[in-house]
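Numbering (the UniProt record's numbering), first residue to last: 40 to 587. Backbone N, C-alpha and C fix where the C-beta goes; we use that ideal spot for every residue, glycine too. Remarks on the structure that follows.
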Amino acid sequence: GNDKPLNFLEQIIKKDIDEGRCNGLVTRFPPEPNGYLHIGHAKSICLNFGLAERFGGVCNLRFDDTNPAKEEMEYVEAIKADVEWLGFTWGGDIKYASNYFDQFYGWAQHLIKNGKAYVCDLNAEQAREYRGTLKEGGKPSPYRERSVEENLDLLERMKNGEFDEGAKTLRAKIDMSHGNINMRDPILYRIRKQSHHQTGDKWCIYPSYDFAHGQEDAIEGVTHSICTLEFADHRPLYEWFIENLPVPSKPKQYEFGRLNLNYTVTSKRKLKQLVDEGVVTGWDDPRMPTIAGYRRRGYTPAAIRKFCEMIGVTKSDGVVDVAMLEHAIRDDLDKNAPRAMCVLNPLKVTLTNYPSDKTEVFTAAGHPNRDDLQSRELPFGQVVYIDKEDFREEANKKYKRLVIGKRVRLRNAYVIEADEAIKNDAGEIIEVKARIIENTVGNDPEDGVKPKGVIHWVAAHDCVDAEVRLYDRLFVDEAPDAGNKDFMETINPESLTVLTNCKLEKSLAMATAGQGFQFEREGYFCRDAKEPGLVFNRTIGLRDSWGK
Ligand code: ATP
Ligand code: MG
Ligand code: MG
């Protein structure tokens, strides 16, 4: 809500608006389309779009597509869908850094003409050597003093494809002994003989992130360019370009701490490796920390937004407990998800005193305290399924389920008492013979012998079959990619359990793609949006240990 104390960025923006330094806030969310968005990006999205909402400004969606080698249209489309799904609307048309390639080229020529850029023939390794280390200053490239005419000509010929990849770069001419290594003649253009998803084969030189990002902001009138902390060292360079180019506006860069989650990796490169090596079924595998993965798993946009609000915005990096994200979705589904019964590991129970040709239909609330959620019809008959976990031949007092000679209530239906367990040749229990206690729907037994607990069930004659997928954490290690650990070695071999013989109350056959439910006593589940049959994904279990 808007009564919360302002975070440090909100304070800066409020001051800039109050003191007339900007009239109207413009932010941007600038993904590179080289993978699907992950939960870390959700933080940046909620931050940038949230600021625009709060201050009545706009937030642009801009594809930072300056490196064609790793970028694809599939990612562009997925990113758009994810931002919309989170509930945000970008300002105007979608922006692409590649829309500005002509302008960037003109600005490169402008820097050359002012003696502030040159074409350099050092290869990557030599350039690194010349750049020096923090302790020793760098030394000037032997190509640093080329004339303006020669530089303009060479840049033109780079653009025309006359040189091989890596043979030449365009570099800013700043200061080879600068205390900040980013200022030691950074690269502005590289030769890359690759076609681009937006510009095709028009270009074979592509601008660096540093030469593009601030100028993109300036072209779009971005007032506050918010990025993660690792770019703090690039800020002097960001400002150098804004000062040395005839840009139409003067944006400023601010940094905030990136989101890291324990038991998770948040790096597109690493997530891509999980996809490419078949550890998961795709970017939208419900175990992935991608927005598409969380969506398929049954997370709601409201829960992800709430989580981002809970973690707040700080000036330092930190690791957030994944249990906090789980708390956000559990809390949302507890309040909003309709209830239903699903027997994951069915065990047949025959009610020997209930006529085989008789059926009844009971009703159950859609949700314990949401009258707006439709009630459900529960057919009942002589044979029902209960979960294997809910029956034992003998048990101590702590076991509040069905035991031979003892009673349990079938939720929203009769109290029953078990008489006998039927076993197969292998000694496994395949059926239970039991009896209903008359007049116990909505009433306690008249003989005063109370049931020990309440269990869920479905009627055998009128239920639906489904597959249910149970997910666990994808990594067993709390910090899968910390230090020099190989995150691929910390993968949980039991992150997916598939149950193919589950029995669901029949109303669940009508569940829509992605619709979420609480399966009573089991957890929160949603109908898978991709599989054609009836498949449910476990979103999260019932118990919340966060903050306890
Ligand atoms: P990755 O390392 O996963 O590729 P990236 O930062 O290179 O991430 P971009 O597509 O450039 O990915 O990110 C778009 C925006 O999202 C950037 O402004 C970036 O700072 C922000 N962002 C990326 N990861 C996180 C994170 N973990 N927490 C907060 N913001 C993030
Ligand atoms: Mg990036
Ligand atoms: Mg990256």
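If one requires a minimum length of 4 residues, the alpha helix (DSSP H) runs lying completely within the region 251-328 are 274-283, 307-315, in chain order.
One alpha carbon belongs to Ala-108, the other to Thr-238, and they sit about 13 Å apart. If you ignore the 5 residues before and after Ala-81, its C-beta comes within less than 7 Å of the C-beta of Leu-125, Ile-330, Ile-343, Cys-347, all in its own chain and listed in chain order. Setting aside the 5 residues that flank it on each side, Asn-87 is surrounded in the same chain by Thr-66, Arg-67, Phe-68, Cys-98, Ile-265, each with a C-beta closer than 7 Å to its C-beta; the list follows chain order. For Phe-558 against Cys-565, the beta-carbon gap comes to about 10 Å, at or over 8 Å, which does not count as contact.
Nearest in C-alpha terms to Thr-529, of all of Val-515, His-77, Ile-468, is Val-515. For Leu-276, same chain residues with a beta-carbon under 7 Å away, outside a window of 5 residues either side, are Asn-221, Met-222, Pro-225, Asp-249 in chain order. Assignment of beta strand (DSSP E) within the region 482-537, counting only whole runs of 3 or more residues, yields 502-510 in chain order. Contact between the region 406-421 and the region 457-469 is absent: fewer than 3 CB-CB pairs across the two stretches fall below 8 Å.
Contact between Ile-151 and Leu-191 holds: CB atoms are separated by about 6 Å, below the 8 Å threshold. His-149 and Leu-193 have their alpha carbons spaced roughly 14 Å apart. Applying a distance threshold of 5 Å between residue Cβ atoms and the heavy atoms of ligand 1 selects Pro-70, Glu-71, Gly-79, His-80, Lys-82, Ser-83, Cys-266, Thr-267, Arg-297, Leu-298, Thr-305, Ser-306, Lys-307, given in chain order.
The beta carbon of Arg-508 lies closer than 8 Å to those of Pro-325, Leu-535, Thr-536, Val-537, Leu-538, Asp-567, Val-574, Phe-575, Asn-576, Arg-577 in the same chain, with the five residues before and after it left out.
The beta carbon of Leu-313 sits closer than 6 Å to those of Val-319, all from its chain and outside the five residues before and after it, given in chain order.
With the rule of 3 Cβ pairs closer than 8 Å, the region 481-496 counts as touching the region 373-382.
Taking a cut-off of 8 Å for Cβ pairs, the region 282-290 and the region 253-260 touch, as three or more such pairs fall below it. Only residues of its own chain outside the window of five on either side were considered, and among them His-263, Tyr-293 have a CB closer than 8 Å to the CB of Ile-51, listed in chain order. Measuring C-alpha to C-alpha distances from Thr-303 to each of Lys-545, Asp-520, Asp-583 identifies Asp-520 as the nearest. Per DSSP, the continuous alpha helix (DSSP H) segment holding Ile-118 begins and ends at 112-124. Contact between Pro-246 and Phe-143 holds, since their C-beta atoms are separated by about 5 Å, short of 8 Å. Counting along the chain, the unbroken alpha helix (DSSP H) around Arg-369 starts and ends at 361-375. Boundaries of the beta strand (DSSP E) around Asp-458: 454-462.
Leaving aside the five residues that flank Lys-53 on each side, the residues in its chain whose CB is nearer than 7 Å to its CB run, in chain order, Leu-45. Sequence-distant Cβ neighbours of Asp-501 in its own chain, meaning closer than 6 Å and more than five residues away, are Pro-418, Lys-545. Counting of Cβ neighbours within 10 angstroms places Asp-104 among the buried residues, the total reaching 16 or more.
Excluding the 5 residues flanking it on each side, Glu-428 has no same chain C-beta neighbour closer than 6 Å. 8 Å or more divides the Cβ of Arg-415 from the Cβ of Tyr-563.
Taking every protein chain shown into account, the CB of Glu-365 has 16 or more other CB atoms within 10 angstroms, so this residue is buried. Per DSSP, the beta bridge partners of Asn-99 are Arg-67. For Tyr-453, the CB contacts under 7 Å within the same chain, skipping 5 residues up- and downstream, are Ile-475, Ile-476, Thr-479, Val-480 in chain order.
Per DSSP, the unbroken alpha helix (DSSP H) holding Asn-87 starts and ends at 78-93. Taking the Cα positions, Asp-132 is about 38 Å away from Met-549. The alpha-carbon of Ala-362 is positioned some 54 Å away from that of Arg-183. With respect to the 8 Å criterion, Val-115 and Ile-84 are not classified as neighbours on the basis of their beta carbons. Bounds of the alpha helix (DSSP H) holding Asn-190 are 187-198.
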